[in-house]
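Sequential numbering from 47 applies to the sequence shown in this note's numbering. Here a beta-carbon is modelled for each residue, glycine too, at the ideal position from N, C-alpha and C. Please read the structure below before turning to the comments.
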Amino acid sequence: MSGRKVTIMGGGNTAFSVAARLSHLGNEICILEHPDFAESVDQIIKTGRITLEGVMENGPAPVSLVTLDPSEALAFSDLLLLIVPAYAHRPFAEFTGSHLTSDHTVVVMPGTLGSLEFSAIAADFGVSDITVAEVDTAPYVCRKTSGDSAIIWGEVSSLGLGVFPSVKTNNVVSDLKPLFPGISPYSDALECGLSSMNPVVHPAGVLMNAGRVEYSRGEFYFYEEGVSESVAKVIEVVDEERIAVGAELGYQLTPVGKAFHEAGFGPRGTLWEAINGSHMLTRLKAPGTLESRWLTEDIPYGIAAWSKLGTQYGVQTPVIDAFVGIGSIVMGLDAWSEGRGPRQLGLEGMSKKDLREYLDTGG
Numbered sequence: 047m048s049g050r051k052v053t054i055m056g057g058g059n060t061a062f063s064v065a066a067r068l069s070h071l072g073n074e075i076c077i078l079e080h081p082d083f084a085e086s087v088d089q090i091i092k093t094g095r096i097t098l099e100g101v102m103e104n105g106p107a108p109v110s111l112v113t114l115d116p117s118e119a120l121a122f123s124d125l126l127l128l129i130v131p132a133y134a135h136r137p138f139a140e141f142t143g144s145h146l147t148s149d150h151t152v153v154v155m156p157g158t159l160g161s162l163e164f165s166a167i168a169a170d171f172g173v174s175d176i177t178v179a180e181v182d183t184a185p186y187v188c189r190k191t192s193g194d195s196a197i198i199w200g201e202v203s204s205l206g207l208g209v210f211p212s213v214k215t216n217n218v219v220s221d222l223k224p225l226f227p228g229i230s231p232y233s234d235a236l237e238c239g240l241s242s243m244n245p246v247v248h249p250a251g252v253l254m255n256a257g258r259v260e261y262s263r264g265e266f267y268f269y270e271e272g273v274s275e276s277v278a279k280v281i282e283v284v285d286e287e288r289i290a291v292g293a294e295l296g297y298q299l300t301p302v303g304k305a306f307h308e309a310g311f312g313p314r315g316t317l318w319e320a321i322n323g324s325h326m327l328t329r330l331k332a333p334g335t336l337e338s339r340w341l342t343e344d345i346p347y348g349i350a351a352w353s354k355l356g357t358q359y360g361v362q363t364p365v366i367d368a369f370v371g372i373g374s375i376v377m378g379l380d381a382w383s384e385g386r387g388p389r390q391l392g393l394e395g396m397s398k399k400d401l402r403e404y405l406d407t408g409g
């Protein structure tokens, strides 16, 4: 394939894996890291490469530019892949805001409504016509294995994409298809943000295994051992509440068990059947501590945000709310006041009619 320039914002597991894979595919890669996390890219500044192993291409992949300077990184490419935890979406939007232009396309990977928050922040910097998209899960099951290496265990076969404003969807699909062939568009960014799989599974799964996580320091296989049939039943009720929020807003959201199958994680069936039959998820261990982004990200920026949207539009989410409350105690923070909700997303007080117009046109 003929390559293109791509700027990747972030220096974690998925950022490294995406950078290496896209480089192996013939693209020219820039990595922009926030100065607060400069140590994450120290090694690749020295070596100029990321060594990839696993089920995809293997070997060293060149990285053309590694920088902490947003002006340099945003001049490198008009396609910006933001691959950081949800709690870093706002800091990165503010870090890059004065260098954004209407020519840029930002893709949040994954988003969990981060595209809408990024758009609202860009507008505060005077860029109201930027295209911001998000995907519903990370494109690979992967890990960063050192300061200049990563491993990919599997590729998501169907990667859902939501675009803000949705009138730009076809343009973004055309941009991303050569990089991620499994891209499949949602109707808009909000539907995509309500379709993220991690917040459905992680908070309930981790909190119901809290004792084992702390005792073993994560030395067990989360999906294989932790998500038992009973745990899966609870997760499916969390999922039903997410689906109810979506239904009130006009979406027919895919149940998480079916979504796992369609993404290539496991066989068709219930959530437990998909997980129990998965080869890709089997090798993933639990987080080593309860101070994990599986809680610190997926509660305040995931299920709590969904609950706040539900509240604005009259949908109750009692099981989700229970996990937000329990998670707040475990994390030692108020997950309701952290994270994002309608105000941060630029949706506060909107009628459903106004919401639809805003999502479609951006105005």
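Which of helix, strand or coil DSSP assigns to residue i
{"i": "Met377", "result": "helix"}
{"i": "Met47", "result": "Because Met47 carries a pLDDT of 46, less than 50, the predicted location of this residue cannot be relied on, and no value is offered for it."}
{"i": "Pro227", "result": "coil"}
{"i": "Arg479", "result": "The structure shown does not extend to residue 479, since the chain is modelled only from 47 to 409, so the question has no answer here."}
{"i": "Ser63", "result": "helix"}
{"i": "Tyr359", "result": "coil"}
{"i": "Glu74", "result": "strand"}
{"i": "Gly257", "result": "helix"}
{"i": "Arg389", "result": "coil"}
{"i": "Arg189", "result": "strand"}
Straight-line gap, residue i to residue j (C-alpha atoms, nearest Å)
{"i": "Glu394", "j": "Glu294", "result": "16 angstroms"}
{"i": "Ala166", "j": "Leu98", "result": "35 angstroms"}
{"i": "Gln298", "j": "Arg288", "result": "11 angstroms"}
{"i": "Met47", "j": "Gly72", "result": "Confidence at Met47 is low in this model, with a pLDDT of 46, below 50, so the placement of that residue is unreliable and no value is reported for it."}
{"i": "Ile197", "j": "Leu120", "result": "27 angstroms"}
{"i": "Val109", "j": "Val202", "result": "23 angstroms"}
{"i": "Asp400", "j": "Leu162", "result": "15 angstroms"}
{"i": "Val178", "j": "Val152", "result": "5 angstroms"}
{"i": "Ile96", "j": "Val87", "result": "10 angstroms"}
{"i": "Leu146", "j": "Glu319", "result": "44 angstroms"}
{"i": "Gly57", "j": "Glu180", "result": "18 angstroms"}
{"i": "Tyr426", "j": "Glu403", "result": "Past the boundaries of the shown model lies residue 426; the chain is included only from 47 to 409, so the question cannot be answered."}
Contacting residues, own chain, Cβ-Cβ under 7 angstroms from residue i (five flanking each side not counted)
{"i": "Gly334", "result": "Arg263, Gly264"}
{"i": "Ala370", "result": "The amino acid occupying residue 370 in the given sequence is Val; Ala does not appear at that position. Closer than 7 angstroms at the Cβ level, and outside the excluded window around Val370, lie Ile345, Ile349, Ala350, Ser353, Ala381, Trp382."}
{"i": "Gly228", "result": "Val202, Ser203, Ser204, Leu205"}
{"i": "Ser324", "result": "Tyr269, Phe311, Gly312"}
{"i": "Tyr347", "result": "Ala132, Tyr133, Thr158, Gly385, Arg386"}
{"i": "Trp199", "result": "Gly100, Val101, Val187, Cys188, Met326, Arg329"}
Cβ-Cβ separation, residue j to residue i (assumed contact under 8 angstroms), whole Å
{"i": "Leu128", "j": "Met55", "result": "5 angstroms"}
Cβ shell of residue i (< 6 angstroms), same chain only, five flanking positions each side left out
{"i": "Leu236", "result": "Leu405"}
{"i": "Lys398", "result": "none"}
{"i": "Ala278", "result": "Leu317, Trp318"}
Cβ neighbours of residue i in the same chain (closer than 8 angstroms, five flanking residues each side left out)
{"i": "Ser411", "result": "Only positions 47 to 409 of the chain appear in this structure, which leaves residue 411 out of reach."}
{"i": "Gly143", "result": "Ile167, Ala168, Asp170, Phe171, Val173"}
is_contact[residue i, chain C] using C-beta, thresh 7 angstroms
{"i": "Glu85", "result": "The structure shown contains no chain C; it holds only a single protein chain."}
query = Fully enclosed by the region 293 to 331, which alpha helix (DSSP H) runs are 4 residues long or longer?
reply = Every alpha helix (DSSP H) stretch that sits fully inside the region 293 to 331 and reaches 4 residues is listed by chain position as 302 to 308, 317 to 322.
inquiry  = Quick check for students: name the residue ranges of the beta strand (DSSP E) that lie wholly in the region 79 to 161, counting only runs of 3 or more.
reply    = Runs of the beta strand (DSSP E) inside the region 79 to 161: 95 to 100, 105 to 108, 111 to 113, 125 to 128, 151 to 154.
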